[in-house]
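Just so you know, we're using the working numbering here: the sequence shown kicks off at 1 and counts up by one.
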Amino acid sequence: MNLFVANWKMNMQRAGARAYAEELGRRIGERALSVELSIAPPLTALDAVRDPRGRWSLAGQNVSSETEGAYTGEVSARQLADAGCRYVIVGHSERRRIFGEDGKVLAAKLAQVRAARLTPIYCVGETQDERTRGLSTATLTRQAETLHGDPPDLQLVVAYEPVWAIGTGNVATPDDCAAAGQHLRGLLSNRRDLRLLYGGSVTPENAGAMLKNAGIDGFLVGGASLSVSSFAAIAGLP
Ligand code: PGA
Numbered sequence: 001m002n003l004f005v006a007n008w009k010m011n012m013q014r015a016g017a018r019a020y021a022e023e024l025g026r027r028i029g030e031r032a033l034s035v036e037l038s039i040a041p042p043l044t045a046l047d048a049v050r051d052p053r054g055r056w057s058l059a060g061q062n063v064s065s066e067t068e069g070a071y072t073g074e075v076s077a078r079q080l081a082d083a084g085c086r087y088v089i090v091g092h093s094e095r096r097r098i099f100g101e102d103g104k105v106l107a108a109k110l111a112q113v114r115a116a117r118l119t120p121i122y123c124v125g126e127t128q129d130e131r132t133r134g135l136s137t138a139t140l141t142r143q144a145e146t147l148h149g150d151p152p153d154l155q156l157v158v159a160y161e162p163v164w165a166i167g168t169g170n171v172a173t174p175d176d177c178a179a180a181g182q183h184l185r186g187l188l189s190n191r192r193d194l195r196l197l198y199g200g201s202v203t204p205e206n207a208g209a210m211l212k213n214a215g216i217d218g219f220l221v222g223g224a225s226l227s228v229s230s231f232a233a234i235a236g237l238p
């Protein structure tokens, strides 16, 4: 089943989150969905977004690489599970770039996510500079190495998010995405249950062609997910 994940990043207050969830619930109504939806709100809005009927799941945007203890400001995988999360985004390019998270830290985070029985949404993607220098596939190969210790029989979501496409309006073409996806699927051919998402300037206008032609299983949506009507349109809901 295709998966559509709303990554709100550091946006939205609780009242807005509650209104969003109510509106999304109204749009879905009693309909049995043929897609899977997940929302990654800020931690402060997890409660406000939770759907008692389970029509969408919750996802964490980040997680600590430590289990528990004196790590002021961190949130553990077990705490995210306790707060009702099903997924956790790991290795988003903003975490890699702004907060300096490298493969070693991300491998530790993945292990924490698995120990808490959550499913990682592991992000990979080349920068503009790497792309210009012809290093796109080498970058994906290096970033995928972080998954080597992750048990191949467990469900895994990988989001291909070229950094040059994130928040820029400069969406990848379906061909770009298909090529990256093919490379990633080759690298991860031992995985029993792999879904590949695309992320980076996804909108209701470009989502259809991408879903049809890029060989992906859904999207990780940033900016456009802040509007319930755009997110619903991207996921093919009314
Ligand atoms: P964007 O962000 O949709 O705003 O480009 C995507 C992401 O960072 O996950």
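We put the beta carbon where it would ideally sit given N, CA and C, even for glycine.
Contacting residues, own chain, Cβ-Cβ under 8 Å from residue i (five flanking each side not counted)
| i | result |
| --- | --- |
| Pro151 | Arg114 |
| Val228 | Tyr20, Glu23, Leu24, Arg27 |
| Asn190 | Pro152 |
CA-to-CA distance, residue j to residue i, given in whole angstroms
| i | j | result |
| --- | --- | --- |
| Thr146 | Gln79 | 23 Å |
| Arg142 | Leu135 | 10 Å |
| Val105 | Asp217 | 27 Å |
| Val49 | Thr137 | 37 Å |
| Ala214 | Ser225 | 20 Å |
| Gln247 | Pro120 | There is no way to answer for residue 247, as the model of the chain reaches only from 1 to 238. |
| Leu43 | Phe4 | 19 Å |
| Val221 | Glu68 | 30 Å |
| Ala116 | Asn11 | 26 Å |
| Ala172 | Ile234 | 16 Å |
| Gln13 | Cys177 | 33 Å |
| Lys212 | Val202 | 14 Å |
| Gln112 | Arg53 | 27 Å |
| Thr72 | Gln128 | 34 Å |
| Glu30 | Asn206 | 28 Å |
| Ala70 | Phe99 | 19 Å |
| Leu37 | Asp51 | 11 Å |
| Asp193 | Gly169 | 31 Å |
| Arg133 | Val163 | 14 Å |
| Ile166 | Gly199 | 7 Å |
| Ala179 | Arg185 | 10 Å |
Beta-carbon contacts of residue i that lie in its chain and below 6 Å, excluding the five residues immediately before and after
| i | result |
| --- | --- |
| Gly60 | Leu80, Cys85, Val88 |
| Ala232 | Arg27 |
| Ser76 | Ser64, Glu68 |
| Cys123 | Gly91, His92, Ala159, Glu161 |
| Glu74 | Ser64 |
| Leu237 | Arg27 |
| Ser230 | Pro204, Ala224 |
Sequence-distant residues of its chain with Cβ nearer than 7 Å to residue i (five each side left out)
| i | result |
| --- | --- |
| Gly181 | Tyr160, Leu196, Ala214, Gly215, Ile216 |
| Arg109 | The residue asked about is misnamed: residue 109 is Lys in this sequence, not Arg. These residues qualify, in order along the chain: Val63, Ser65, Val90. |
| Asn7 | Ala40, Gln61, Ile89, Leu220, Val221, Gly222, Ser225 |
| Leu33 | Arg55 |
| Arg95 | Asn62, Glu101 |
| Ala45 | Met12, Arg14, Ala17 |
| His183 | Thr137, Leu140 |
Min CB distance residue i to chain D below 8 Å
| i | result |
| --- | --- |
| Leu196 | Looking at the structure shown, chain D is missing, and only one protein chain is on hand. |
(Q) Residues around ligand 1, please: the condition is that the C-beta lies closer than 6 Å to some non-hydrogen atom of it. (A) Asn7, Glu161, Ile166, Gly167, Gly199, Gly200, Ser201, Val202, Leu220, Val221, Gly222, Gly223, Ala224
Q.
My parser needs the beta strand (DSSP E) runs of 3 or more residues fully inside the stretch 199-237; what are they?
A. 218-221
Q | Completely contained alpha helix (DSSP H) runs for the stretch 66-115, where each covers 4 or more residues | A | 77-82, 93-98, 103-115
Q.
Ignoring anything shorter than 3 residues, give me the beta strand (DSSP E) runs that lie fully in the stretch 136-180, in order along the chain.
A. 156-160
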